[in-house]
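With UniProt numbering applied, the sequence shown corresponds to residues 1 to 228, in that order.
Backbone N, C-alpha and C define an ideal beta-carbon position, used for all residues, glycine too.
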Amino acid sequence: MSSIGMLISYENSKEGEEFLQFFHRENLGHDECVKAYDDKKIVKAYHGLKDVMKYEAPGILANMLAGLIPDLTNAKILDLAAGSGIIGKALYDRGFRNIDAHDGAAAMVDFCRTTGHYNGFHTCFVGNGDKLTMEDDTYDSIACSGATLRNHLPASAQSEIARVIKPGGFFVNAYRANLYETEVEYANEWREEAERLEKEGKWILYGVLKYPRFIKETAGRIDIYQIL
Ligand SMILES: C[S@@+](CC[C@H](N)C(=O)[O-])C[C@H]1O[C@@H](n2cnc3c(N)ncnc32)[C@H](O)[C@@H]1O
């Protein structure tokens, strides 16, 4: 698997796009995807891509959450599917000081331990029957970016996300705006499950922000759910 890491020279965004494509190609599956991320060289390669790929979502997501939360210093935030901690850094830079990191890949969580932006660390896959290890109502909000796509968070992860956020808290979730055209089956499952949770009275769709650049020239969206 580490051969994919060797492909990356960080010199141009085409290589970056190929690298990212590897993780959401058809038929990879959830287990193989997280296993592929669980490699020190891959973590380094992934982390190195943020500049060449012009990853703008983190700053926008952090600003969005800061606008929803009154006490940035004390609000307990989970960076879900944190990867190499890019979102944690954006949250920290925006003033948040009580952030936990979560990821299914231990190598990603280990990297997050080195950044100085997080207080707590959780390594577990979420979805398809696997639960987050945290108690109900643990977080004031959850931020997530770049994990709502095929092979990553299954639609069923959403009930776990809703479970660990306190009533009144928010789930802010950033992903590519074209998901509903490029990964239709996955996107529909994701939306149907979100709507089911809304009908069950677990959360409400508080708003959707669309913005021009998630990554490079690809537009992004942030779905905001408020827990009931
Ligand atoms: C593309 S990276 C995004 C990382 C980070 N949020 C960012 O914006 O840079 C996706 C991360 O999600 C993690 N991941 C994907 N599906 C997961 C799941 N179901 N449970 C836990 N972690 C998952 C992967 O291990 C990987 O580190």
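Practice item. Just tell me which of ASP137, ILE99 and GLY104 has its CA closest to the CA of ALA81. Key: Checked all of ASP137, ILE99 and GLY104; the closest Cα to ALA81 is GLY104.
Check your understanding: When you compare only the Cα positions, how much space is there between ALA106 and TYR37?
Key -> Rounded to the nearest angstrom, the two C-alpha atoms are 9 Å apart.
Point to revise | Assigned secondary structure, CYS124 (DSSP; H/G/I helix, E/B strand, else coil) | key: CYS124 falls in the coil class under three-state DSSP.
Review point. Rounded to a whole number of angstroms, what is the C-alpha to C-alpha distance between ALA177 and THR73?
Key: Their Cα atoms are separated by approximately 31 Å.
Point to revise | Span of the alpha helix (DSSP H), counted from its first residue to its last, around ALA174 | key: No alpha helix (DSSP H) contains ALA174, which is instead part of the beta strand (DSSP E) from 165 to 176.
Check your understanding: What are the start and end residues of each continuous alpha helix (DSSP H) run of 4 or more residues lying completely inside the segment 93 to 139, in chain order?
Key -> With a minimum length of 4 residues, the continuous alpha helix (DSSP H) runs that stay inside the segment 93 to 139 are 106 to 113.
Check your understanding: Residue range of the alpha helix (DSSP H) that TYR37 falls in?
Key -> First-last of the alpha helix (DSSP H) with TYR37: 30 to 37.
Exercise for review: Can you have a look at ASP140 and say buried or exposed, based on whether 16 or more other CB atoms are within 10 angstroms of its CB?
Suggested key: Classification for ASP140: buried.
Review point. Under a Cβ-count criterion, where at least 16 other Cβ atoms within 10 Å of its own Cβ denotes burial, should PRO70 be classed as buried or exposed?
Key: Label assigned to PRO70: exposed.
Point to revise | Contact test: ASP79 Cβ vs ligand 1 heavy atom, cutoff 8 Å | key: The nearest non-hydrogen atom of ligand 1 is less than 8 Å from the C-beta of ASP79.
Review point. Once you ignore the five residues that flank VAL43 on each side, which residues in its own chain have a CB closer than 7 Å to its CB?
Key: For VAL43, where only same-chain residues beyond five positions count, the Cβ hits under 7 Å are SER84, ALA107, MET108 and PHE111.
**Study point:** Nearest-angstrom beta carbon gap, MET64 and VAL164 [assumed within contact, 8 Å]
**Key:** Actually they are not in contact, since the Cβ atoms of VAL164 and MET64 sit about 20 Å apart, beyond 8 Å.
Review point. Measuring from the CB of TYR147, is there a heavy atom of ligand 1 at a distance below 8 Å?
Key: Residue 147 is actually Ala in this sequence, not Tyr. The nearest non-hydrogen atom of ligand 1 is less than 8 Å from the C-beta of ALA147.
Review point. When the Cα of LEU228 is compared with those of GLU193, LYS199, ARG213 and LYS216, which residue comes out closest?
Key: In this structure, LYS199 is the residue among GLU193, LYS199, ARG213 and LYS216 with its C-alpha nearest to the C-alpha of LEU228.
Review point. So is the beta-carbon of LYS40 under 8 Å away from any non-hydrogen atom of ligand 1?
Key: Every heavy atom of ligand 1 is 8 Å or more from the Cβ of LYS40, so no.
Review point. Quick check: the segment 85 to 94 against the segment 44 to 62, are there 3 or more CB pairs under 8 Å?
Key: In short, these stretches touch, since the Cβ pair count reaches three.
Review point. If you run the structure through DSSP and keep just helix, strand and coil, what is PRO212?
Key: If DSSP states are grouped into helix, strand and coil, PRO212 belongs with the strands.
Exercise for review: Report the partner residues of GLN226 according to the DSSP bridge assignment.
Suggested key: Per DSSP, PHE170 and ILE204.
Practice item. Kindly indicate which three-state DSSP category GLY83 falls into: helix, strand or coil? Key: Assigned with DSSP and collapsed to three states, GLY83 falls in coil, not helix or strand.
Check your understanding: Across which residues does DSSP place ARG221 in a beta bridge pair?
Key -> In the DSSP output, where bridge partners are listed per residue, ARG221 has TYR175 and LYS210.
**Study point:** DSSP three-state assignment for SER159, whether helix, strand or coil
**Key:** Correct three-state label for SER159: helix.
Point to revise | Backbone secondary structure at ALA66 - three-state DSSP | key: Of the three classes helix, strand and coil, the one that applies to ALA66 here is helix, per DSSP.
Check your understanding: Does the count of Cβ pairs from the segment 187 to 195 and the segment 118 to 127 closer than 8 Å reach three?
Key -> Judged by Cβ distances under 8 Å, the segment 187 to 195 makes no contact with the segment 118 to 127, as fewer than three pairs qualify.
Exercise for review: Go ahead and label ILE204 buried or exposed: buried means 16 or more other beta carbons lie within 10 angstroms of its beta carbon, across all protein chains shown.
Suggested key: ILE204 counts as exposed, since fewer than 16 other C-beta atoms from the protein chains shown sit within 10 angstroms of its C-beta.
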